[in-house]
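Step one of this worksheet: look at the structure below.
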Amino acid sequence: MRLLKTLPSLVTRPINLLMRGILQLWIKPHWSTPGPEQLELDPTLPVLYVLPRQSYTDRLVLEHVCRQKGLPDIRPLALGDHWLGDNLVYLERPSRRGLSRRSPRLTQAWEVLQARPQDDLQVVPVSLFWGRAPGREHSVMQLITVDSWSVVGRLRRLLRVIIHGRQLYMQWGQPLRLREVLGAQQLQQKGAAYAINKSSRLLGLYFRRVRTQVLGPDLSHRRTLVKGLLQSPRVKTAIETQVQQHGISEQKAYHQAERYALEIASNVSYPVIRLLDRFLNWLWNRLYDGVKVHHLERLKDQAGQHTVVYVPCHRSHIDYLLLSYVLFEHGLMTPHIAAGINLDMPVIGPLLRRGGAFFMRRSFRDNPLYSAVFNEYLYTLFDRGHPVEYFIEGGRSRTGRTLAPRPGMLAMTLRAALRGTQKPLVMVPVYIGYEHVLEGRTYLGELQGQEKRKESPLDLFRVLNSLRKDFGQVNVTFGEPLHLERFMQAHYPQWRQYDKHAERPDWLQQAVPELGHELAVRINQSASLNPVALVALALLASPHRALEESVLVAHMQTLVQLQRQAPLSPDIVLPEGTAEAWLSKAEKMDIIERVAHPMGDIIRVNESQGVLLTWYRNNVLHLFALPGLIAYLFMNQRQHSQDRLQTQVELLYPVLQNELFLPWQTDQLTPVVQQMIQVMCNNGLLVGHEHQRLRRPPGQTQGMMQLRLLGQLVQPALERGYLLLALLDRAGSNVLTRDMLVEQAQALAHRLAILQGLNAPEYFDARLFRGLIEAMIKQQLLNQDDTGYLSYDAPLRRLIHAGRNLFDPRLRHSILQLAWTTPVPHNSETQAD
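Per our numbering, residue 255 is the first one in the sequence shown, and the count goes up by one each step.
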């Protein structure tokens, strides 16, 4: 009898040992934070591991990793005199009828805890993903082997282990105490049955969220998705409208809508994603020293419970590739990416489409049928929980600064939120900071006045011949998520009371720019300060774009200290190492050059790269807008009282706020300015004096030199603002329209740049003047009547008066002379009055 009892173990033990040995040699598990080393286990409590489904290979893998990482082994578990069997629970186990039923071991554990209130267990949920498929595939072999939402048989699981053993991803959950899940009081009152049901539901919900986070929602076939779009009420209505307006048959209109849907829809393919992952892994290793990811943990908290909308800044063609790569490598589903229709070209287009891109036309305002199909497609993605990515700036930033958000995709996202989605929408800003951008040569030509070349993914392949160059490091920073429903509730409490079927609710026109501005601010609050940007900030602020090495090193250290001691936001990423190392890195990238001299080396801007350096400076210019403004107020005046300084900062701050997407409102500036003044005093940039007065450092000291370098950063923006004010003062109220004012300001700024010898095309960028006028209207310094003419009164006149003492007299004279020699157009309506 004893021999019969031990016979099964004598047979299974060698098999288990053999399988463990094979798996140890073959599998290569990966995980992200928290990994097994980061689990916060209580050594005084027994551990109960939970797997979502019964699997022999998953159990062996878990045993192997636990031994390897020093975690508690899988072994028999006892609570007092009660033996619960192994400390591994399968939440669902197959029954004879092919269905799933709850684990009897979990039931037994709750019953024992009910009888022993002094005991507790800590539960560690673990999920394993073999191959990490995002959904259904066309390939038969992939369909058989890859991990997906469907439950597969033993043969398929065996093939999955064989084929995808090197791509095994494990997701570890932090331990939970069973009694804390419900509370000891509830457990005693409602009994074990209640605890069993609720804990099973909570664990089931956790595993489903993890699966959605890693694999994405359960994808349907592309043609099935398209068919569903065409059957939606909104698209049907648009088809009927198309028939009536154009006099075509319903069948023709239906096929036209179908063509639009096929033109738009992505066709996600897991083999292509794996191929792109391997290619990009090779590419980043060749191009960059590394890709550093920051604040990803806040995203993982959101991904399983929300539909995530990624809104990164747009600096390069590889932004979308880089973000998808980072997400995939860290165990998150790659998003569906909105791409311009110009990228849907032979070979490249199908590859991008299978990688998750869906395509949109630049404008579809005059095509209501296309608009209806695209809006319904985007809503379907949101409603099914697919992560989506789009660039709120529209195109790439040629100047390096964050561009004003475009309204199109934001408006469609808000309308989707109004209709309601299965999971709430959360928008995640992403800042991508390059030490050396791939399209640098192209941007250099465009900044020097060459005609803008049409965007093409072939630009990426054109720069691949530069693989031997040093492109430095890339920082990808995930900013503070914006919960869309909370944002709308805070700004428009009645927003959900509007008609959900209305295409343009009353609040939409005002909500879209506010949402775009908030997202742009959050992108800028996640900026990374790298060595190239630091060198650009310092050298481009010097009169001749050259500095002694010791001065440059000291100023870079000061810039970093300002952000370390009074950061724009806690999410700012600062460079590691020393200022000497930062300078050495910039030299290796061939953007600056060293001039040897017996009295000390001089660092100057490489002549061929000088204009491009403005791109890198503009990436982070917003970080130093406030200290730069304070510094500039001391450039032409030796001292200020703190009250007067505060008043002048608040007066001039709106000029910078809108252009650089700064986070504070004017009425929030007082504590921020006081903190910055203290930090500047601590770093020798200002000198505190009696009676709450502040002075600039004396003479040619290092502190005074650094103060001037800091102040020069904001001078171009203040000059543009004063130029605009001078034109308004010259013309008078109700004489100029917005377009007329922008045209005159741009022409005069171009002329002033030539007279000053500035090689900075962005200085006279029309978009900057439009943004400044918009900010002045928002601040009620300007008013625009129904005919489009701009008027102003006392507050703007006070700002004009304050600006007269702001600049060097020679510069102020040049600006005023240009403004007052400009012909003033006549407003016929004003003349008639």
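For glycine and all other residues, C-beta sits at the position ideal for the given N, C-alpha and C. Just so we're clear, the structure is a prediction, and the values are computed from it rather than from any experiment.
{"query": "Boundaries of the alpha helix (DSSP H) in which Asn-539 is found, first to last residue", "result": "524 to 541"}
{"query": "Beta carbon of Ile-686 nearer than 8 Å to that of Arg-569", "result": "yes"}
{"query": "Euclidean distance between Cα positions of Leu-773 and Gln-763", "result": "16 Å"}
{"query": "Cα-Cα separation between Asn-936 and Gln-819, rounded to whole angstroms", "result": "10 Å"}
{"query": "Beta strand (DSSP E) runs contained entirely in the stretch 919 to 975, provided each spans 3 or more residues", "result": "941 to 943, 947 to 949"}
{"query": "The stretch 363 to 377 contacting the stretch 448 to 459, beta-carbon criterion three pairs below 8 Å", "result": "yes"}
{"query": "Three-state class that DSSP yields for Tyr-1046 in the structure shown", "result": "coil"}
{"query": "Alpha-carbon to alpha-carbon, Asn-539 and Lys-839", "result": "18 Å"}
{"query": "Residue closest to Asp-373, alpha-carbon to alpha-carbon, out of Val-480, Gln-308, Leu-299", "result": "Leu-299"}
{"query": "Alpha carbon of Glu-504 to alpha carbon of Val-497, nearest angstrom", "result": "6 Å"}
{"query": "Close Cβ partners of His-284 (< 6 Å) along its chain, the five nearest in sequence each way excluded", "result": "Tyr-423"}
{"query": "Of the listed residues Ala-800, Ile-777, Val-680, nearest to Met-742 (C-alpha basis)", "result": "Val-680"}
{"query": "Short Cβ contact (8 Å threshold) for Ala-980 with Val-996", "result": "no"}
{"query": "Range of the contiguous beta strand (DSSP E) that encloses Trp-384", "result": "376 to 384"}
{"query": "Endpoints, the alpha helix (DSSP H) within which Ser-215 is located", "result": "The chain is shown from 255 up to 1087; residue 215 falls before or after that span and cannot be answered."}
{"query": "Validate contact between the stretch 927 to 941 and the stretch 809 to 829 using beta carbons, cut 8 Å, 3 pairs", "result": "yes"}
{"query": "Local Cβ density within 10 Å of Tyr-344, reported as buried at 16 or more and exposed below that", "result": "buried"}
{"query": "Contact the stretch 576 to 592 vs the stretch 473 to 489: 3+ CB pairs below 8 Å", "result": "no"}
{"query": "Minimum C-alpha distance to Gln-467 - residue among Trp-384, Leu-914, Thr-561", "result": "Thr-561"}
{"query": "Val-849 to Gln-929 span [Cα, whole Å]", "result": "38 Å"}
{"query": "Counted within 10 angstroms of its Cβ, other Cβ atoms place Ser-404 as buried (16 or more) or exposed", "result": "Note on Ser-404: pLDDT 46, under 50, position unreliable in the model; the coordinate value appears next. The residue in question, Ser-404, is exposed, as its Cβ has fewer than 16 Cβ neighbours within 10 Å."}
{"query": "Cα-Cα separation between Asp-598 and Pro-604, rounded to whole angstroms", "result": "7 Å"}
{"query": "Cβ contact check for the stretch 637 to 650 and the stretch 618 to 629: 3 or more pairs under 8 Å", "result": "no"}
{"query": "The stretch 864 to 876 touching the stretch 779 to 799, judged by at least three CB pairs closer than 8 Å", "result": "yes"}
{"query": "Exposure label - Arg-608; buried when at least 16 CB within 10 Å", "result": "buried"}
{"query": "Rounded straight-line distance, which links the Cα of Leu-940 to that of Arg-931", "result": "Before going further, note that residue 931 is Ile rather than Arg in the sequence given. Straight-line Cα distance between these residues: approximately 8 Å."}
{"query": "Sub-8 Å separation of Pro-358 and Val-304 beta-carbons", "result": "no"}
{"query": "Contact check, Leu-1022 vs Glu-913, beta carbons under 8 Å", "result": "yes"}
{"query": "Span of the alpha helix (DSSP H) around Glu-1028", "result": "1020 to 1032"}
{"query": "Exposed unless 16 or more other CB atoms sit within 10 angstroms - verdict on Gly-986", "result": "exposed"}
{"query": "Cβ neighbour criterion (16 or more within 10 Å) applied to His-876", "result": "buried"}
{"query": "Whole-angstrom C-beta distance between Val-489 and Leu-516, which should lie under 8 Å", "result": "Going by Cβ atoms, the distance from Leu-516 to Val-489 rounds to 13 Å, so no, they are not a contact pair."}
{"query": "Check: Arg-673 C-beta below 7 Å from any heavy atom of the ligand ZN", "result": "This structure does not include the ligand ZN; it has no bound ligands of any sort."}
{"query": "8 Å Cβ cutoff met for Leu-1072 and Leu-1006", "result": "yes"}
{"query": "Burial state of Phe-533 (16 or more Cβ within 10 Å)", "result": "exposed"}
{"query": "Complete beta strand (DSSP E) runs within the stretch 292 to 373 (minimum length 3 residues, chain order)", "result": "301 to 307, 330 to 333, 336 to 340, 342 to 348, 354 to 356"}
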